[in-house]
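Working notes, structure below.
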Amino acid sequence: MTLFGRVSAEPRYWFNAASAAAEGTEWKYAIFDSLNAKWVTESDGNPVTVVLGRQDIQLGEQWLVSDGTPLDGFVDQPLRRPELSPSTPRTSRRSSTDRLQPTGLPRRCALPILGSEARAAALTEQDETGVILYASNKSVAKMQLDGYFMYKGDDRVTARGYDADIYTLGGKIAGTPAENWQYSAEAAYQWGNRRD
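So for the sequence shown, the working numbering puts the first residue at 290; every next one is plus one.
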């Protein structure tokens, strides 16, 4: 078993703030950016990886999973999730099942914050819960086929937040047909409802 932890903070110094109250150094809380346990075992001779806790996630090109506009700039990239990833080396197949649960306010996370809760501003505009089913197949020579289904549920936290249920179904094909040549194509269909 492997344990991993990382703490992040974002103190700021304001040279020309909008108000006198904001001038100077702004000390904020720190959060557990990552804290997880990883366990690797075998099932029928194939490796199975289980990761529990707060962790980074990257599936495919990450364009559907990563939040590009967190309110705190960079701190809340990781997601609290359990991951189960069985793989089959003989055919280079890999699948993963993820449950995501980032929260809008750091004090509502399962992990404690380091510092004053009075300064604990929102990380995102809404609490988010999600499930991702992702499969990747490299058994075809010089080709990779990926398929995925994603669900994301939002519950408003701030005035600019929203409530939503969003579903995404997609796939990707990539390969190297010849030396110095590479191609990649990905498409996804998204549906659901959003209530501002």
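Note that the Cβ used here is the ideal one computed from N, Cα and C, for glycine as well.
Alpha-carbon to alpha-carbon, L348 and A424:
Going from the Cα of A424 to the Cα of L348 covers about 10 Å.
Enumerate, from N- to C-terminal direction, the unbroken beta strand (DSSP E) stretches of 3 or more residues contained entirely within the segment 312-348.
Runs of the beta strand (DSSP E) inside the segment 312-348: 313-315, 319-332, 335-344.
Going by DSSP, what residue range makes up the beta strand (DSSP E) through M432?
Element bounds for M432: 432-445.
Tell me the DSSP secondary structure of S297 in three-state form.
If DSSP states are grouped into helix, strand and coil, S297 belongs with the strands.
Beta-carbon spacing of A319, V340 below 9 Å:
In terms of Cβ geometry, A319 and V340 do not form a close pair [threshold 9 Å].
Between the alpha carbons of F486 and G342, how many angstroms are there, rounded?
This structure cannot settle anything about residue 486, because the visible part of the chain is limited to 290 through 485.
Quick check on the DSSP output: the beta strand (DSSP E) that includes T465 runs from which residue to which?
Per DSSP, the continuous beta strand (DSSP E) segment holding T465 begins and ends at 452-467.
Along the beta strand (DSSP E) that carries E417, what are the first and last residues, could you check?
Where E417 is concerned, the enclosing beta strand (DSSP E) stretches over 415-426.
Can you name the start and end residues of the beta strand (DSSP E) that A474 belongs to?
Here the beta strand (DSSP E) through A474 covers 470-484.
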